[in-house]
Amino acid sequence: QMFGGTIPEAFGNESLMKEQVLSQMVEEFALRSYVEKNNYRISDRRLNQVIRSMDTFHTEGEFDAEIYQRQVASLGYTTAGFESELRRTQAMQQLKTGISATAFGIPKDFQKLASLKNQTRTVRVITRPLSAESYEVNREEISSYFEEHQSRYMTDEQIKIDYIELSLEGVKANIEVSMDRLQDRYNQSKDAYTSAEVRSASHILLTVPADAIDADALQIEDKINEIRSQIDSGANFAELAGKHSQDPVSAEEGGNLGDIERGMMVQPFEAALFDLEVDEISQPIKTSFGWHLIKLNSTSGGEIQSFEEVRAAIEDEIKTELAENQIYDLTENLANLAYEQPDSLIPATEQLGLALETSDWFSRVAGEGIASESKIRNAAFSADVLNQRRNSEAIELADNRIVFIHLNDHKESVPRSLEEISDAIVEEIKTNKSREYNSEAGKSALEGLRSGMSLESVASDWNVDIVEPEPLKRSSSAVDSEIAKLAFTMASPDAGAVYQGVSHGNGAYSLVELLSVDTEDSSIDDQQLKVFQTSLAGQEYQSVIKVVGSRADVIRTPTEDLNY
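Just so we're aligned: 473 in the numbering used here is position 472 of the sequence shown, and the numbers increase by one with no gaps anywhere.
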C-alpha cells in the first residue's frame, strides 16, 4: 500500500542494496577519518561515565563489572577493543552534536515552510483500471518472454548448516543439586522465606511543641502518665484515645493505627510495639512526635515456609546460578576451539561433549527450526561461513541461547523450468499488455484534456466515475499516495485547470485535474519551531556526511580480484 501496489526495484535488487551498503560504509570510514584528523576526542572520565550509564551492564540499577566483561566478550571484543571502538563512536557523536546544536534557520523561512506544509489542493481524478484478462497470449510469446527474463525465474539459493546450541535451560537440565546443598541454602536464606510480621495497633498521642519550655514538657509527661494510670485502673483505651489523643486521624477511631510492619514507624515506637504481647499496653514512649501509649491489638504473618514448600524454587535458583557460570565458560571454550579449528565444529563437540545438530534446507529469507532466526540466516549466508567455509562466531539469540554454525551443504540458485512458471509468465504478459495499453490510452487522453476536452468526456469514454475528494493536504489518505504526491508537484492553475497523468504500479492509469491551490499564512508555535529546527539539524548533519564522503579517495576492488 505504501508503494502503490509495487515494491520498488531496490527492495528486490541485490546489487542496488549492496551499493547502498557500500556507500554507507565509505561515508562512515570517511567521517571517522575526518573526526580523527580534526582531533575530536573523548576523555577517560567521560568514557567511564558512558559505559557505566549503559543499562545492559547493570544489575539492580547498578553497574556490574562482571556482567560488563561477559557482555563485551559475547560480542567478540576484549574490554580494550570495546572501549577503543566506543571512543571512536563517541568522538563522531561529538561532531554530530556540534553540527546539530549550531544549526539554525530564519523564522520567516520556517513560517513559509509551515504555510507550504499546510497547503491544500482541490483535484478531480479518474482512473482506468487494469483489464489483463481481456488479452490472449500464445506459446511463442511465453517462450520468448521466458528466454528474455530467465534470470528472474530462479530457485532460491539454499544451504544446510551444522550447529551447536548452548542454552541456559539446556545446561540447567544436566545439573544435579544435592539435598545437603538445598538444605544449606534454605537455612542461610530463611529470612527470604519468612512472611513479614504485621501488627495491628492503637495509640494515644500527646504532642510536645518544639518550642515548649521545660515546665510545659514536664506537664505533658505527667499527663501521659496519668492516662496510663487510668488504664491500669480499668479505663477503656479507645475512649481515652478519643478524648485525649492529639492524633486527629486515629483519635476518631479510638486510636486505631491499622496494620504496621517493621520500618513503617520511628525506631522508639517500633521497638516498643514489637516487644508487646496481644492486648498489652506500653509504658509512655517518647518520640519526635511526642508521648505515646501503644496498645497491640493483634498480630499476623511472620511464618516461615517449610523446606518442602520452597524446595523447587531453591533448586531452580541454584541451577540457574551454576548454569550461568557454566554457559559462560562453555561459550568461551567453544569460541576458542571454533576459532582455532575453523574448518569444522566436530573437534569442539568432541572435546566439550556437546551435540552437533544439522538444520533443514533454508534460504536467505526463510527457514524452519534454528533457521527461523534471522540472525542465524544472516550469519549462514555471510562470506566467512558460506564462501570461506569457516565456523561462525558466537550468535546470541533470545532466551539465553548461544549458537555456533558451520556450512554443511549448499544449493546454488538455478533457473526454473518453463513448465513450472508458465502460468506466472502468462499473467505477467497479460498484465504488461494491459499496462502498456492503459498508458497509451492515458497519455492520449491527457493530450486531449490539455487541448480542451472535458474530464467528463474522458470518464464517459473509459466508463469510470470522477472522484472528487475533499481538498487534499500533503498527508492526505483520501486518494492513492501516488495521486496525492503528483497533485503537489503540479503547477498552480492560474489560467484554468491543469492536468497530469500517472501510471500506477498495479497497471492502472490515473488522470488528475488540479482546480485550485490554497495557501494560508500559518503561524508556528514553539513546538512546531522545535520540530523544524530538529529537522534542519538532521539535514545539515547528513549534508556534512555527504560532503566528507564525496571528498574521500576511494579504491573499489571487485570481489573476484581479492586475495583471501
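Heads up, the beta-carbon is just placed ideally off N, CA and C, and yes, glycines get one too.
Within this structure, are the beta carbons of residue i and residue j separated by less than 9 Å?
{"i": "Tyr-164", "j": "Val-404", "result": "yes"}
{"i": "Leu-169", "j": "Glu-325", "result": "yes"}
{"i": "Thr-57", "j": "Gln-72", "result": "yes"}
{"i": "Asn-119", "j": "Thr-535", "result": "no"}
{"i": "Ile-386", "j": "His-407", "result": "For the record, residue 386 in the displayed sequence is Val; it is not Ile. Cβ atoms of Val-386 and His-407: closer than 9 Å."}
{"i": "Arg-125", "j": "Glu-514", "result": "yes"}
{"i": "Ile-228", "j": "Leu-294", "result": "yes"}
{"i": "Asp-280", "j": "Leu-258", "result": "no"}
{"i": "Gly-255", "j": "Ala-236", "result": "no"}
{"i": "Thr-156", "j": "Val-465", "result": "no"}
{"i": "Gly-502", "j": "Ser-493", "result": "no"}
{"i": "Ser-524", "j": "Gln-112", "result": "yes"}
{"i": "Glu-483", "j": "His-505", "result": "yes"}
{"i": "Glu-198", "j": "Glu-262", "result": "yes"}
Does residue i come out as helix, strand or coil in the three-state DSSP assignment?
{"i": "Glu-429", "result": "helix"}
{"i": "Ile-467", "result": "coil"}
{"i": "Ala-211", "result": "coil"}
{"i": "Lys-474", "result": "coil"}
{"i": "Leu-274", "result": "helix"}
{"i": "Leu-357", "result": "coil"}
{"i": "Tyr-187", "result": "helix"}
{"i": "Ser-289", "result": "coil"}
{"i": "Asp-385", "result": "helix"}
{"i": "Asn-392", "result": "coil"}
{"i": "Glu-177", "result": "coil"}
{"i": "His-59", "result": "strand"}
{"i": "Asp-562", "result": "helix"}
{"i": "Asp-554", "result": "coil"}
{"i": "Leu-323", "result": "helix"}
{"i": "Asp-410", "result": "strand"}
Give the C-beta separation of residue i and residue j to the nearest angstrom, bearing in mind that I take them to be a contact with Cβ-Cβ under 8 Å.
{"i": "Val-311", "j": "Tyr-187", "result": "7 Å"}
{"i": "Ile-160", "j": "His-411", "result": "5 Å"}
{"i": "Leu-183", "j": "Ser-246", "result": "Not really, about 51 Å apart at Cβ, beyond 8 Å."}
{"i": "Thr-123", "j": "Pro-472", "result": "5 Å"}
{"i": "Lys-173", "j": "Thr-321", "result": "6 Å"}
{"i": "Ile-143", "j": "Ser-423", "result": "6 Å"}
{"i": "Ile-100", "j": "Glu-541", "result": "6 Å"}
{"i": "Glu-28", "j": "Gly-550", "result": "4 Å"}
{"i": "Ser-201", "j": "Asp-260", "result": "5 Å"}
{"i": "His-194", "j": "Ile-347", "result": "For the sequence presented, residue 194 should be read as Tyr rather than His. Incorrect: roughly 47 Å between the Cβ atoms, too far for contact."}
{"i": "Asn-226", "j": "Pro-269", "result": "Contact flag wrong, Cβ pair sits at about 17 Å."}
{"i": "Ser-364", "j": "Glu-63", "result": "At roughly 45 Å, the Cβ-Cβ gap does not stay under 8 Å, so Ser-364 and Glu-63 are not in contact."}
For residue i, tell me which candidate among the options has the shortest Cα-Cα distance.
{"i": "Leu-131", "options": "Thr-432, Ala-339, Gly-453", "result": "Thr-432"}
{"i": "Gly-453", "options": "Arg-475, Val-499, Leu-487, Val-427", "result": "Val-499"}
{"i": "Arg-475", "options": "Phe-489, Leu-353, Trp-463, Leu-274", "result": "Phe-489"}
{"i": "Val-178", "options": "Ala-314, Glu-262, Thr-300", "result": "Ala-314"}
{"i": "Asp-45", "options": "Gln-91, Glu-457, Ile-467", "result": "Gln-91"}
{"i": "Pro-416", "options": "Arg-153, Val-27, Arg-88, Glu-63", "result": "Arg-153"}
{"i": "Phe-30", "options": "Pro-559, Ile-546, Leu-323, Thr-558", "result": "Ile-546"}
{"i": "Asn-39", "options": "Glu-63, Leu-96, Phe-83", "result": "Leu-96"}
{"i": "Arg-88", "options": "Val-468, Ile-305, Arg-33", "result": "Arg-33"}
{"i": "Leu-219", "options": "Val-267, Gly-291, Asp-276", "result": "Gly-291"}
{"i": "Met-93", "options": "Glu-369, Asp-110, Ile-282, Ile-43", "result": "Ile-43"}
{"i": "Ser-517", "options": "Asp-361, Leu-114, Leu-323, Thr-121", "result": "Thr-121"}
{"i": "Asp-522", "options": "Ser-307, Ser-116, Met-26, Thr-350", "result": "Ser-116"}
Starting from residue i, follow its DSSP beta bridges and name the residues at the other end.
{"i": "Asn-257", "result": "Ser-203"}
{"i": "Pro-416", "result": "Met-155"}
{"i": "Phe-405", "result": "Ile-165"}
{"i": "Arg-125", "result": "Glu-514"}
{"i": "Gly-502", "result": "Leu-512"}
{"i": "Asp-519", "result": "Thr-121"}
{"i": "Lys-296", "result": "Ser-203, Ile-282"}
{"i": "Ser-301", "result": "Val-199"}
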